[in-house]
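So the sequence shown is numbered by this note's numbering: it starts at 243 and just counts up by one.
Glycine is no exception: its CB is placed at the ideal position from the N, C-alpha and C atoms.
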Amino acid sequence: MRPRSGYKMEIDSRRISRLIRQSRTRERRLDQLIRSQAWLDGVAVAVQKAVGVSYEALGAPGQAIKNVMHGTRFLGHPLHPVLTDIPVGAWTVGVLADWLFVATGRLPAVAGDLALAIGVAGAILAALTGYTDFHETDGHERRTAIVHGLTMTAVLLIELVSLGMRLGAPGLRPGAIVLSTVAWLIVLVGAYVGGHLTFGIGSAVNHNAFFDGPKEYVKVGTRDDFPEGQMRRVEANGLPVL
């Protein structure tokens, strides 16, 4: 006897609900862990100051470069998420290429090296844009962002060491492959924290993206009701506007 389709859909919906609850539980545990690490605030503030001083030292061009790093002016949304796929994807390919080379010898060793180098270049750009976005954060968002940023920075440093070992001497390649593999595992952790930062906390997210505002002009007063240089709170179709 075949199960009814409605019964199957009910089972699927229960399974989906259970997976969602498990995901939220993991995110709550991550939040609790990060909230308990008060020392992160000192590190985060120091990094934010360093980023701010760097842009100020560039003078007038600094603000223009900062706008490019944010990406919102010319892309319409942050640039950082666009770039993060490059190192994650390249390093994943690199790890696969490395171990295929070790296991079979049919794939040239340079394949893993090239993927690693592409990932490093992409990671540098992702780090520059990421720390630029981080400069504007505070509170729990800032703590979570510094965990993500420092994790991915550590990965970048490990991959740079691995790349140097590969270029230094052929005998160092086995150790370099192990380092890249460890770095890739750490990337998974850093990427998860980054995903939680965006989708769990809403960092760098347009919170008005799904807000359906009025389609037509709504009169809230006359010109005389709004003196120059003063703020005024009014109601537009029941919506408070400052």
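Next item on the list: Using beta-carbon positions only, say whether Ala339 and Gly354 come within less than 7 Å of one another.
Entry: Within the sequence shown, residue 339 is the residue found at index 97, counting from 1. Within the sequence shown, residue 354 is the residue found at index 112, counting from 1. Yes, they are a contact pair.
Next item on the list: Could you pull out every residue in the same chain whose Cβ sits closer than 7 Å to the Cβ of Ser445, ignoring the five residues on either side in sequence?
Entry: Counted from its first residue, the sequence shown places residue 445 at position 203. Excluding sequence neighbours, Ser445 sits near Thr379, Glu383, Ala387, Leu439.
Next item on the list: Give me the Cβ distance between His364 and Leu325, rounded to the nearest whole Å; I'm assuming they're in contact under 8 Å.
Entry: Counting from one through the sequence shown, the residue named residue 364 turns up at place 122. Counting from one through the sequence shown, the residue named residue 325 turns up at place 83. The question names His, yet the displayed sequence has Gly at residue 364. Right, the Cβ-Cβ distance comes to about 6 Å (below 8 Å), so this counts as a contact.
Note to self: Can you tell me whether Leu481 is helix, strand or coil according to DSSP?
What the structure shows: Reading the sequence shown from its first residue, position 239 is the one you call residue 481. Strand, per DSSP.
Next item on the list: Compare the Cα-Cα distances from Leu427 to each of Gly331, Tyr373, Leu349 and report the closest residue.
Entry: As a first step, residue 427 is located in the sequence shown; it is residue number 185 there, counting from the start. Comparing Cα-Cα distances from Leu427 to each of Gly331, Tyr373, Leu349, the minimum goes to Gly331.
Margin query: Comparing C-alpha positions only, which one of Val344, Ser278, Leu370 sits nearest to Pro310?
Written below: Counting from 1 along the sequence shown, the entry for residue 310 is found at position 68. A quick correction: the sequence has Val, not Pro, at residue 310. Among Val344, Ser278, Leu370, the Cα nearest to that of Val310 belongs to Leu370.
Margin query: Using CA atoms only, rank isn't needed, just tell me which of Val335, Ser422, Val424, Ser296 is closest to Tyr373.
Written below: The count along the sequence shown starts at 1 and reaches residue 373 at position 131. Relative to Tyr373, the option among Val335, Ser422, Val424, Ser296 whose CA is nearest is Ser296.
Notebook entry, point to check: Going by beta carbon distance, what residues of the same chain come within less than 8 Å of Thr334, once the five residues before and after it are set aside?
Noted result: The residue labelled residue 334 in the question sits at position 92 within the sequence shown. Excluding residues within five positions, the ones whose Cβ falls inside 8 Å are Trp426.
Check: From the DSSP output, which residues share a beta bridge with Val476?
Finding: Taking the first residue of the sequence shown as position 1, residue 476 is located at position 234. Partner(s): Val483.
Next item on the list: Taking Gly436 and His390 to be in contact with their CB atoms under 8 Å, please state how far apart those CB atoms are, rounded to whole angstroms.
Entry: The sequence position of residue 436 within the sequence shown is 194, counting from 1. The sequence position of residue 390 within the sequence shown is 148, counting from 1. The Cβ separation is near 5 Å, so the contact holds.
Check: Considering Lys308, what are the terminal residues of the alpha helix (DSSP H) in which it resides?
Finding: The count along the sequence shown starts at 1 and reaches residue 308 at position 66. In the DSSP annotation of this structure, the continuous segment of the alpha helix (DSSP H) that includes Lys308 starts and ends at 302-312.
Checklist line | Beta-carbon separation (whole angstroms), Pro482 vs Arg474, contact threshold 8 Å | finding: One-based indexing of the sequence shown puts residue 482 at position 240. One-based indexing of the sequence shown puts residue 474 at position 232. About 11 Å; that fails the 8 Å criterion.
Next item on the list: Leaving out five residues on either side along the sequence, give the residues of the same chain with a beta carbon under 7 Å from the beta carbon of Val403.
Entry: By one-based count along the sequence shown, residue 403 stands at place 161. The residues are Leu421.
Notebook entry, point to check: In angstroms, rounded to a whole number, what distance separates the CA positions of Glu458 and Gly480?
Noted result: For the purposes of this step, residue 458 is taken as the residue at position 216 of the sequence shown. For the purposes of this step, residue 480 is taken as the residue at position 238 of the sequence shown. If I take the Cα positions, the gap works out to 14 Å.
Margin query: For Thr423 and Thr346, I'd like the C-alpha separation in whole angstroms.
Written below: Along the sequence shown, one-based indexing puts residue 423 at 181. Along the sequence shown, one-based indexing puts residue 346 at 104. Going from the Cα of Thr423 to the Cα of Thr346 covers about 17 Å.
Check: Expressed to the nearest angstrom, what Euclidean distance is found between the alpha-carbon atoms of Trp462 and Phe316?
Finding: Walking along the sequence shown from the start, residue 462 turns up at place 220. Walking along the sequence shown from the start, residue 316 turns up at place 74. According to the sequence provided, residue 462 is Val. The question's Trp does not apply to it. Rounded to the nearest whole angstrom, the CA to CA distance from Val462 to Phe316 is 33 Å.
Next item on the list: For Val460, collect the residues of the same chain with a Cβ closer than 8 Å to its Cβ; drop the 5 residues on either side in sequence, then sort them by chain order.
Entry: The residue labelled residue 460 in the question sits at position 218 within the sequence shown. When the five nearest sequence neighbours on each side are left out, the beta carbons in the same chain lying within less than 8 Å of the beta carbon of Val460 are those of Ala478, Asn479, in order along the chain.
Checklist line | C-beta atoms of Leu342 and Leu349 nearer than 7 Å | finding: In the sequence shown, counting from the first residue as 1, residue 342 sits at position 100. In the sequence shown, counting from the first residue as 1, residue 349 sits at position 107. Remark: C-beta atoms of Leu342 and Leu349 approach each other more closely than 7 Å.
Check: Taking just the CA atoms, how far does Gln472 sit from Leu484?
Finding: The count along the sequence shown starts at 1 and reaches residue 484 at position 242. The count along the sequence shown starts at 1 and reaches residue 472 at position 230. A direct Cα-to-Cα measurement between Leu484 and Gln472 gives close to 10 Å.
Next item on the list: Measuring alpha carbon to alpha carbon, tell me which of Asp283, Gln279, Thr314, Ala351 ends up nearest Pro412.
Entry: The sequence position of residue 412 within the sequence shown is 170, counting from 1. Closest by alpha carbon: Ala351.
Check: Which residues mark the beginning and the end of the alpha helix (DSSP H) in which Val289 is found?
Finding: Here residue 289 corresponds to residue number 47 of the sequence shown, with the count starting at 1. It spans 281-299 - the alpha helix (DSSP H) in which Val289 sits, taken as one unbroken run.
Notebook entry, point to check: With 16 as the cutoff for other CB atoms within 10 Å, does Asp467 come out buried or exposed?
Noted result: By 1-based counting over the sequence shown, the position of residue 467 is 225. Exposed is the call here.
Notebook entry, point to check: Would the beta-carbon of Glu298 fall within 7 Å of that of Gly442?
Noted result: The count along the sequence shown starts at 1 and reaches residue 298 at position 56. The count along the sequence shown starts at 1 and reaches residue 442 at position 200. No, these two residues do not count as a Cβ contact at 7 Å.
Next item on the list: Enumerate in chain order the residues of its own chain whose CB-to-CB distance from Thr314 is below 7 Å, with the five nearest sequence positions on each side excluded.
Entry: Working through the sequence shown from its first residue, we reach residue 314 at position 72. Within the same chain, Thr314 has close Cβ partners Pro320.
Notebook entry, point to check: Hey, how far is the Cα of Pro329 from the Cα of Gly301?
Noted result: As a position in the sequence shown, residue 329 is number 87, starting the count at 1. As a position in the sequence shown, residue 301 is number 59, starting the count at 1. Within the model, the alpha-carbon separation for Pro329 versus Gly301 is close to 30 Å.
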